[in-house]
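Down below is the structure, laid out as structure tokens.
In the UniProt record's numbering, the protein residues as written are 1 to 161.
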């Protein structure tokens with residue numbers, strides 16, 4: 001490729017539109033797997049995404065000026081960092097970028113002063129094998145499942161901070 005991918009904090013104002021477009025592209029595969037194009041990542045508004053970026057912390061991976069991956073996290077009052085919407089452009093998958101983004105968000109919250117993160121938690125669909133494989137390779141273990149409908153069961157995974 002000639003360029004290296006860099007990881008940095010996302011900017012709610014400058015990066016939101018690019019993240020939303022990437023999110024829409026990346027969640028097409030999930031929608032296809034579960035035969036549901038009404039999933040929240042495909043219907044989220046730009047304003048709602050900006051609010052998410054402002055309420056928590058987000059990181060992006062850039063190849064040159066292009067955002068090719070993103071992840072979001074938010075620390076709850078109970079010490080749980082809720083990691084969400086880890087996305088990697090389809091052409092950039094299987095190059096370790098998702099793992100690097102997970103490392104970045106975990107490192108950020110692990111280094112935060114009080115209230116300290118006690119655990120990291122995320123979820124994915126039960127048929128999203130690539131996601132489950134990545135999360136397990138990063139030390140996450142299944143702690144719960146929740147049936148959303150006949151096509152989808154959410155798997156919640158967690159690890160200690």
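Glycine included, each C-beta is placed from N, C-alpha and C at the ideal position.
Apart from the 5 residues on each side of it in sequence, residue 108 sits with its Cβ closer than 7 Å to the Cβ of 57 in its chain, given in chain order.
The residues 138, in chain order, have a CB closer than 6 Å to that of residue 102 in the same chain once the five nearest residues on each side in sequence are set aside. Scanning its chain for C-beta atoms nearer than 7 Å, with the 5 sequence neighbours on each side dropped, one finds around residue 31 the residues 37, 39, 42, in chain order. For the set 71, 90, 94, the Cα lying nearest the Cα of residue 83 is the one of 71.
Beta-bridge pairing by DSSP links residue 63 to 5, 66. The beta carbons of residue 152 and residue 125 sit closer together than 9 Å. Sequence-distant Cβ neighbours of residue 104 in its own chain, meaning closer than 8 Å and more than five residues away, are 7, 59, 71. Counting only the Cα atoms, residue 52 lies some 17 Å from residue 123. 9 Å or more divides the Cβ of residue 88 from the Cβ of residue 79. DSSP places residue 19 in the helix class (H, G or I) of the three-state scheme. When secondary structure is reduced to three states using DSSP, residue 160 falls in the strand class.
With 16 or more neighbouring CB atoms inside 10 Å of its own CB, residue 22 falls in the buried class. Take residue 144, set aside five residues on each side of it, and the residues of its chain with a beta-carbon closer than 7 Å to its own are 156, in chain order. A direct Cα-Cα distance of roughly 6 Å separates residue 54 from residue 12. Taking each of 141, 5, 19, 161 in turn and checking the Cα distance to residue 86, the smallest one comes out for 19.
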